[in-house]
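Report on one structure; see the data block that follows.
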Amino acid sequence: MADSARSPVTLDGLDLAALVASRVCHDVISPVGAIVNGLELMEDGADEATAELALDLIRKSAKTASARLQFCRIAFGAAGSAGSAIDTRDAQMVATNFFNDERTSVDWQVPAAYLPKNRVKLLLNLLMLGAAAIPRGGVIRVETVGEGDETGFAVIVTGINSRIPPHAAELLAGIPGNEQGTIDAHAIQPFYAGLLARAAGMTVTIEKIDDKVALRAV
Numbered sequence: 152m153a154d155s156a157r158s159p160v161t162l163d164g165l166d167l168a169a170l171v172a173s174r175v176c177h178d179v180i181s182p183v184g185a186i187v188n189g190l191e192l193m194e195d196g197a198d199e200a201t202a203e204l205a206l207d208l209i210r211k212s213a214k215t216a217s218a219r220l221q222f223c224r225i226a227f228g229a230a231g232s233a234g235s236a237i238d239t240r241d242a243q244m245v246a247t248n249f250f251n252d253e254r255t256s257v258d259w260q261v262p263a264a265y266l267p268k269n270r271v272k273l274l275l276n277l278l279m280l281g282a283a284a285i286p287r288g289g290v291i292r293v294e295t296v297g298e299g300d301e302t303g304f305a306v307i308v309t310g311i312n313s314r315i316p317p318h319a320a321e322l323l324a325g326i327p328g329n330e331q332g333t334i335d336a337h338a339i340q341p342f343y344a345g346l347l348a349r350a351a352g353m354t355v356t357i358e359k360i361d362d363k364v365a366l367r368a369v
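The sequence shown begins at 152 in the working numbering and counts up by one.
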């Protein structure tokens, strides 16, 4: 790999905003597209059975789109608040709605508290990395490390064929994983998590332990 690809990079504000927006759109475009498909089925004069299937598709996809938008609102946005703290109960709600499904469950062991905004946003981004480490599903366990405004987190995921997402450690450190030394829409999420960690004065580690992948931010 070229030396330039091993050096940390800095994105200007416009590029960072564009890449984060692209990531959010990627997360919601699939369920929104499914809603459109369901509506088109109904508009085409579907029979009763097909119409019921279309309605079920619309209901499930609308729920999924809502869950993803609510999660992204906190993980990537300003959380609709001018304050400097976020309630961990709000983070628990959006995380559970976002990740809980027939393949994956969230074991949330974070006590209710108002924590600095960037720390909570970092936690949600660590959950995204954790979920990416268990592509076939599993358990995402979330714990706190320390207490008060200096609270850190441990996200430990367990699942079949768990693995550290490609270039996650480099991207968390602000180092691109490609030979071009650039950050694209696929890499922006772990890169953004690293930005949040540094803004919060925290260090993130990721390691594979047996059938688990552990992320820690302290």
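For each residue, glycine too, the CB sits at the ideal point set by N, CA and C.
All of these numbers come straight from a predicted model, not from anything done at the bench.
Checklist entry - Between Ala218 and Asp198, what straight-line distance do the alpha-carbon atoms span, to the nearest angstrom? => result The alpha-carbon atoms of Ala218 and Asp198 are separated by roughly 30 Å.
Item to check | Local conformation of Phe287 per DSSP, three classes | outcome: What sits at residue 287 in the sequence shown is Arg, not Phe. The answer is coil: DSSP assigns Arg287 none of H, G, I, E or B.
Next on the checklist: Along the chain, where does the alpha helix (DSSP H) containing Thr354 start, and where does it finish?
Outcome noted: It is not in any alpha helix (DSSP H) - Thr354 carries neither H nor E in the DSSP assignment.
Item to check | Simplified DSSP assignment, three categories, for Gln260 | outcome: Three-state result, Gln260: strand.
Next on the checklist: Count Cβ pairs between the segment 158-165 and the segment 177-191 that sit closer than 8 Å; are there 3 or more?
Outcome noted: Contact between the segment 158-165 and the segment 177-191 is not established, with fewer than three Cβ pairs separated by less than 8 Å.
Checklist entry - Thinking just about the alpha-carbon of each residue, which of Ala226, Gly228, Ser181, Ile225 is nearest to the one in Ile209? => result It is Ser181 whose Cα lies nearest to the Cα of Ile209.
Next on the checklist: Using C-beta distances below 8 Å, list every residue in its chain close to Tyr313, excluding the 5 sequence neighbours before and after it, in chain order.
Outcome noted: Inspection of the sequence shows that residue 313 is occupied by Ser rather than by Tyr. If we look at Ser313 and ignore the five residues flanking it on each side, its Cβ neighbours are Ala284, Ile285, Gly289, Lys359, Asp362, Lys363, Val364.
Checklist entry - What residues in its chain sit with their C-beta under 8 Å from that of Tyr265, if we drop five residues either side in the sequence? => result Sequence-distant Cβ neighbours of Tyr265 in its own chain, meaning closer than 8 Å and more than five residues away, are Ala236, Ile237, Asp238, Thr239.
Item to check | Test item: CB-CB of Val257 and Leu278 under 9 Å | outcome: Taking 9 Å as the cut-off, the beta carbon of Val257 is found closer than this to the beta carbon of Leu278.
Checklist entry - Terminal residues of the continuous beta strand (DSSP E) containing Val160? => result If you look at Val160, you'll find it isn't in any beta strand (DSSP E); DSSP assigns it neither H nor E.
Checklist entry - Pick from Ala344, Arg254, Thr201, Met193: whose alpha carbon is nearest that of Thr309? => result Nearest C-alpha to Thr309 among Ala344, Arg254, Thr201, Met193: Arg254.
Next on the checklist: My assumption, with CB atoms under 8 Å, is that Leu323 sits in contact with Val355. Please give the rounded CB distance.
Outcome noted: That pair is a contact at about 5 Å.
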